[in-house]
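Chemist:
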Amino acid sequence: MSIFSRKSRHERSLFRKPTKRRYSSRDGLGKENRNEKLELRVFRSRVFICIGISILMVVILFCNLYYLQIISYQDYKTRSNENSIKVMPVVPPRGIIYDRNHVVLADNSPVYHLVLFPNKQISTKDTIEELDRLLELNLSEKDIARLLYESKTRKRFSGVELSNFLSEEQIATFAVNSYKYPNAQIVANLKRYYPFADITTHTTGYVSRINQNDVKKLASAGKLDNYEGSTEIGKLGIEKYYEDSLHGETGSTKVEVNSHGQVIRTLNYEPPVPGKDLKLTIDIRLQYYAQEIFGQMKGAVVAIDPSNGEILAMYSNPSYDPNPFVRGIRSGEYKRLLDNPGHPLINRATQGGYAPASTVKPLLCVMGLNEKLITTKGNFFGAPYFKLPGSTHQFRDWRAWGHGWMDLYRAIEISADTYFYDLAYRAGINRIHDYLDRYGFGKKTGIDISEESLGINPSRDWKKSRFNQQWHLGDTVPIGIGQGYWTSTLMQLAKAHATLANRGVTRTPHLLKEMVDPSTNEVTEYMQEEPEDTLKVKDPQYYEDCRTGMYLVVNGPEGTGRRAFFGAKYKAAGKSGTAQVVSIKQGKKYNAAKLKVEHRDNALFVAYAPFKKPRILVAVILENEGGGSTKAAPVARAMIDKYLLDLYPNGYMGDPEPQVVKFGMGGTVVLQ
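In terms of the numbering used here, the numbers along the sequence shown are unbroken and rise by one, the last being 672.
1. If I measure Cβ to Cβ from TYR98 and keep anything under 8 Å in the same chain, skipping five residues before and after, which residues do I get?
2. Which same chain residues, not among the five before or five after SER25, have their C-beta less than 7 Å away from its C-beta?
3. Just how far apart, CA to CA, sit ARG507 and ALA498?
4. Would you kindly report the start and end of the unbroken alpha helix (DSSP H) that includes ALA313?
5. Give the DSSP bridge partners of ARG265, in chain order.
6. Just the C-alpha distance for ARG133 and LEU162, rounded to the nearest angstrom, thanks.
7. Is it right to say MET527 is buried, meaning 16 or more other beta carbons lie within 10 angstroms of its own, or is it exposed?
8. Going by the beta-carbon positions, is the gap between VAL597 and GLY574 smaller than 8 Å?
9. To the nearest angstrom, report how far apart GLY440 and GLY382 are at their CA atoms.
10. Just to confirm my understanding: we take TYR320, look at its own chain, exclude 5 residues before and 5 after, and list those with CB closer than 8 Å. What are they?
11. By Cβ distance below 6 Å, which residues in the same chain neighbour GLY402 in space, the five residues on each side in sequence not counted?
12. Going by DSSP, which residues form a beta bridge with ILE304?
13. Using a Cβ-Cβ cutoff of less than 6 Å, which residues in the same chain neighbour SER453 once the five nearest sequence positions on both sides are dropped?
14. Flag this pair as yes or no: are the beta carbons of GLY378 and LEU408 separated by less than 8 Å?
15. Using the three-state DSSP reduction, which class does PRO118 fall into: helix, strand or coil?
16. Taking C-beta to C-beta, are SER84 and VAL257 nearer than 8 Å?
17. State the start and end residues of the unbroken beta strand (DSSP E) segment that holds ARG192.
18. Buried or exposed for LYS372, going by 16 or more other Cβ atoms inside 10 Å?
19. Relative to the C-alpha of GLU625, which candidate in ALA609, ASN602 and ILE374 has its C-alpha closest?
20. In whole angstroms, what is the alpha-carbon distance linking TYR542 and LYS444?
21. What's the call for MET550, buried or exposed, on a 16-neighbour Cβ count within 10 Å?
22. My output table needs one value for ASP99: the three-state DSSP class, helix, strand or coil.
23. Keeping to the same chain, check which residues put their C-beta closer than 7 Å to that of ARG438; ignore five residues upstream and five downstream.
24. Cα-Cα, which of PRO274, VAL620 and THR376 is closest to PRO93?
25. Look at the alpha carbon of GLY577 and the alpha carbon of PHE565, and state the distance between them as a whole number of angstroms.
26. Note the first and the last residue of the continuous alpha helix (DSSP H) segment covering TYR149.
27. Please report the straight-line C-alpha distance between LYS631 and GLU623, rounded to a whole angstrom.
28. Output needed for PHE325: all residues of its chain with C-beta closer than 6 Å, excluding positions within five of it in sequence on either side, in chain order.
29. Can you tell me where the alpha helix (DSSP H) with ILE412 in it begins and where it stops?
30. Evaluate TYR648 with the Cβ neighbour count: other Cβ atoms within 10 Å of its Cβ, from every protein chain shown; 16 or more gives buried, anything less gives exposed.
31. What is the DSSP secondary structure of SER25, reduced to helix, strand or coil?
32. Among residues of its own chain, excluding the 5 on either side of ALA609, which ones have a beta-carbon nearer than 6 Å to its beta-carbon?
33. How big is the Cα-Cα spacing for PRO509 and TYR421?
34. Counting only runs of 4+ residues fully inside the segment 456–516, write out the alpha helix (DSSP H) ranges in chain order.
35. Starting from GLY332, trace the alpha helix (DSSP H) both ways and give me its first and last residue.
36. Determine, using beta carbons only, whether PHE165 and LYS125 come nearer to each other than 8 Å.
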């Protein structure tokens, strides 16, 4: 082999092409390169994810921004305005109540209230307790609990009234410390005031704080919005009955407020519609006179014009001052009224149930004549007592030796019990019940106040329902003299006698004379129903016959009321009544001195004048005062004197003397 043809191993190695070197998995350098690639891939993935999330968040942000700024712009704008602009209620001034001569009976007087506007940043409970101590509000735990409840349930910018009557000293104290209580304000307002206090309580009634029961009733009637901002509502009497008219319509004012609920400026104002003023039929002079007459006596008096049903006076004694109820009466003061043995909270004229006693005898005579049970020419012997056939029980006459022979006129004049025992026995309870219903007994009179009892017009069904007992003849007999199961309110008695005085025409007793809109001066008069003979008698002369009997009661020689009306400058008619409160056993005599005061007889009297054309009828009840002719009759006489001789418009012109037609049994004068 030539030296040039062969290459050495060394030469071959120098001119050989380089080849890629292979590494095994166990080679350290290969492992490092592989990790770098893996990390690079992971890093890139994370970057892409972050970028994607960022892009998504930006998209969401822009979408939400679009939703807020474009789609929901109007909604959030409205919400924003509501946070600073509020529509606040403006309470209407309550209507004034006047008597028939335009004397104010219920007025609105300016007072200052302390109002707290609840705020989440300030403890309501702490604020109430601090103001209570500072101003000596004398809030009870119950008061504080109520205020806290109201603060949670009322609207945000509707304040809670801590006090509705601040004194000048309290106002000054708060003014000095007002910087400590940014969510409390003193607000000027009008408060109800009754200048005649207890004289008119049972007529006007009163207003008091709106409670939860009132809220429920207003809500169910759909009237709650009209009481936004109001704190008072009528509770009794005229104030309650004519609440809708007296309250008016709530106005509004749009204001800008700060975070504490305090008003910054007024943006718009819608004035409220004032409540309507009421003119009543009451003559406060006659009402005041009634209180003077009664003094310490318990009872009531009603004076009514029988020709139109206007109530001239309605007084119940004892009475109470309604003004503390307006401010918020304390529990102790209210308890004293509840525990008062005289029961001043009861309106005895419309809520007291009394046996009407002999005052109803002329009313039953109309029934007797119409049913042909009696006649004016009848001849009846008045024995000392009346007995049912086959019975030994004696229904005694008020006169132990009886009255002798009599006709209808004398029976009314002397108030002979046995005459009317016999009439009731022959009439029967069914017929009596029917006529009493026509007179209006056992049901409401229609007077425009809510506080009225029904009384009891007894019947077979009533006794069965009340006692689960059968009606007996012995139950019917005392009904003839207004005793037994029969009870009546004084207003029912006055209405029934007004029907007789008005010759059968019933007029609904009422307190409202007219209603005046202060904004327009428009006057709305009380609308009375059409006159109607509710008794439906066959002959109008029956009314005249019974009226004649009542004329003789105060003008006849034997009349039970003649002494009380002696020397009167007018001709009147009347009827006395003495009602037993407890029954007297057979064979025993009534002795007031041996009875407790509350067990003594009630005195009643009903009278009207002038006789020919009555302009006033007075009904009186005096509890436990004894005889009606001696105790109640002078009160009726005084009331009629006061009205006809002192207060009657344009002066009393007198009443023509009744014409004598003939003489009846015992010299009884029959009139026309």
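We put the CB at the ideal spot given by N, CA and C, even for glycine.
Modeler: Let's see:
1. Translated into positions along the sequence shown, residue 98 becomes position 98. Closer than 8 Å at Cβ, skipping near neighbours: VAL104, LEU105, ASP277, LEU278, LYS279 and LEU280.
2. As a first step, residue 25 must be located in the sequence shown, where it is residue number 25. Because the pLDDT at SER25 is just 47, under 50, the model does not fix this residue reliably, and the value given afterwards should be weighed accordingly. Leaving aside the five residues that flank SER25 on each side, none in its chain has a CB nearer than 7 Å to its CB.
3. Start at 1 with the first residue of the sequence shown, and residue 507 comes out as number 507. Start at 1 with the first residue of the sequence shown, and residue 498 comes out as number 498. Distance from the CA of ARG507 to the CA of ALA498, rounded to the nearest whole angstrom, comes to 8 Å.
4. Within the sequence shown, residue 313 is the residue found at index 313, counting from 1. For ALA313, no alpha helix (DSSP H) segment is defined; the enclosing uninterrupted segment is the beta strand (DSSP E) at 310–317.
5. Walking along the sequence shown from the start, residue 265 turns up at place 265. ARG265 is bridged by DSSP to GLU256.
6. Taking the sequence shown and counting its residues from 1, one reaches residue 133 at position 133. Taking the sequence shown and counting its residues from 1, one reaches residue 162 at position 162. Between ARG133 and LEU162, the C-alpha separation is close to 12 Å.
7. Taking the first residue of the sequence shown as 1, we reach residue 527 at position 527. Looking at its Cβ environment, which holds fewer than 16 other Cβ atoms inside 10 Å, MET527 is exposed.
8. Position 597 of the sequence shown, counted from the start, is the residue given in the question as residue 597. Position 574 of the sequence shown, counted from the start, is the residue given in the question as residue 574. No; because the gap between Cβ atoms is not below 8 Å, this pair is not in contact.
9. Here residue 440 is taken as the residue at index 440 of the sequence shown, counted from 1. Here residue 382 is taken as the residue at index 382 of the sequence shown, counted from 1. One C-alpha to the other measures close to 30 Å.
10. Position 320 of the sequence shown holds residue 320. Same-chain partners within the cutoff: ASP198, THR201, LEU337, PRO344 and LEU345.
11. Taking the first residue of the sequence shown as position 1, residue 402 is located at position 402. Cβ-Cβ distances below 6 Å link GLY402 to GLY382, ALA383 and PRO384 in the same chain, with the five nearest sequence neighbours on each side left out; the list follows chain order.
12. Taking the sequence shown and counting its residues from 1, the one referred to as residue 304 is at position 304. Beta-bridge pairing links ILE304 to ILE311 and LEU617.
13. If you number the sequence shown from 1, residue 453 lands on position 453. Hits under 6 Å: GLN351, GLY353 and THR489.
14. As a working mapping, residue 378 is identified with position 378 in the sequence shown. As a working mapping, residue 408 is identified with position 408 in the sequence shown. In contact: GLY378 and LEU408 (Cβ atoms closer than 8 Å).
15. For the purposes of this step, residue 118 is identified with residue 118 of the sequence shown, where counting begins at 1. Here PRO118 sits in coil by DSSP.
16. If you number the sequence shown from 1, residue 84 lands on position 84. If you number the sequence shown from 1, residue 257 lands on position 257. The criterion of a C-beta distance shorter than 8 Å is satisfied by SER84 and VAL257.
17. Position 192 of the sequence shown, counted from the first residue, corresponds to residue 192. That run of the beta strand (DSSP E) goes 184–193.
18. Reading the sequence shown from its first residue, position 372 is the one you call residue 372. Result: exposed.
19. Residue numbering aside, residue 625 sits at position 625 when the sequence shown is read from its first letter. Distance check between GLU625 and each of ALA609, ASN602 and ILE374 places ASN602 closest, using alpha-carbon atoms only.
20. Within the sequence shown, the letter at position 542 stands for residue 542. Within the sequence shown, the letter at position 444 stands for residue 444. If I take the Cα positions, the gap works out to 26 Å.
21. In the sequence shown, residue 550 corresponds to position 550, counting from 1. So MET550 counts as buried.
22. As a working note, residue 99 is residue 99 in the sequence shown. Three-state result, ASP99: coil.
23. What you label residue 438 is simply residue 438 of the sequence shown in a count that begins at 1. Spatial neighbours of ARG438 in its own chain (CB-CB distance under 7 Å, excluding positions within 5 residues in sequence) are listed in chain order as THR534 and LEU535.
24. In the sequence shown, residue 93 corresponds to position 93, counting from 1. Here the closest residue by C-alpha is PRO274.
25. For the purposes of this step, residue 577 is taken as residue 577 along the sequence shown, with counting starting at 1. For the purposes of this step, residue 565 is taken as residue 565 along the sequence shown, with counting starting at 1. C-alpha separation (whole angstroms): 16 Å.
26. If you number the sequence shown from 1, residue 149 lands on position 149. Note, TYR149: alpha helix (DSSP H), 141–153.
27. Residue mapping note: residue 631 aligns to position 631 of the sequence shown, counting from 1. Residue mapping note: residue 623 aligns to position 623 of the sequence shown, counting from 1. Rounded to the nearest angstrom, the two C-alpha atoms are 10 Å apart.
28. Counting from one through the sequence shown, the residue named residue 325 turns up at place 325. Closer than 6 Å at Cβ, skipping near neighbours: TYR206 and SER208.
29. Locating residue 412 in the sequence shown gives position 412, where the first residue counts as 1. First-last of the alpha helix (DSSP H) with ILE412: 408–414.
30. Reading the sequence shown from its first residue, position 648 is the one you call residue 648. The residue in question, TYR648, is exposed, as its Cβ has fewer than 16 Cβ neighbours within 10 Å.
31. What you label residue 25 is simply residue 25 of the sequence shown in a count that begins at 1. Model confidence at SER25 stands at a pLDDT of 47, short of 50, so the residue's coordinates are unreliable; what they give is reported in the following sentence. It is coil, neither helix nor strand.
32. Counted from its first residue, the sequence shown places residue 609 at position 609. For ALA609, where only same-chain residues beyond five positions count, the Cβ hits under 6 Å are TYR570, ALA572 and ILE640.
33. Position 509 of the sequence shown, counted from the start, is the residue given in the question as residue 509. Position 421 of the sequence shown, counted from the start, is the residue given in the question as residue 421. So the two alpha carbons sit approximately 31 Å from each other.
34. Here the runs fully enclosed are 460–467, 473–476 and 490–501.
35. Counted from its first residue, the sequence shown places residue 332 at position 332. For GLY332, the enclosing alpha helix (DSSP H) starts and ends at 331–339.
36. Within the sequence shown, the letter at position 165 stands for residue 165. Within the sequence shown, the letter at position 125 stands for residue 125. No.
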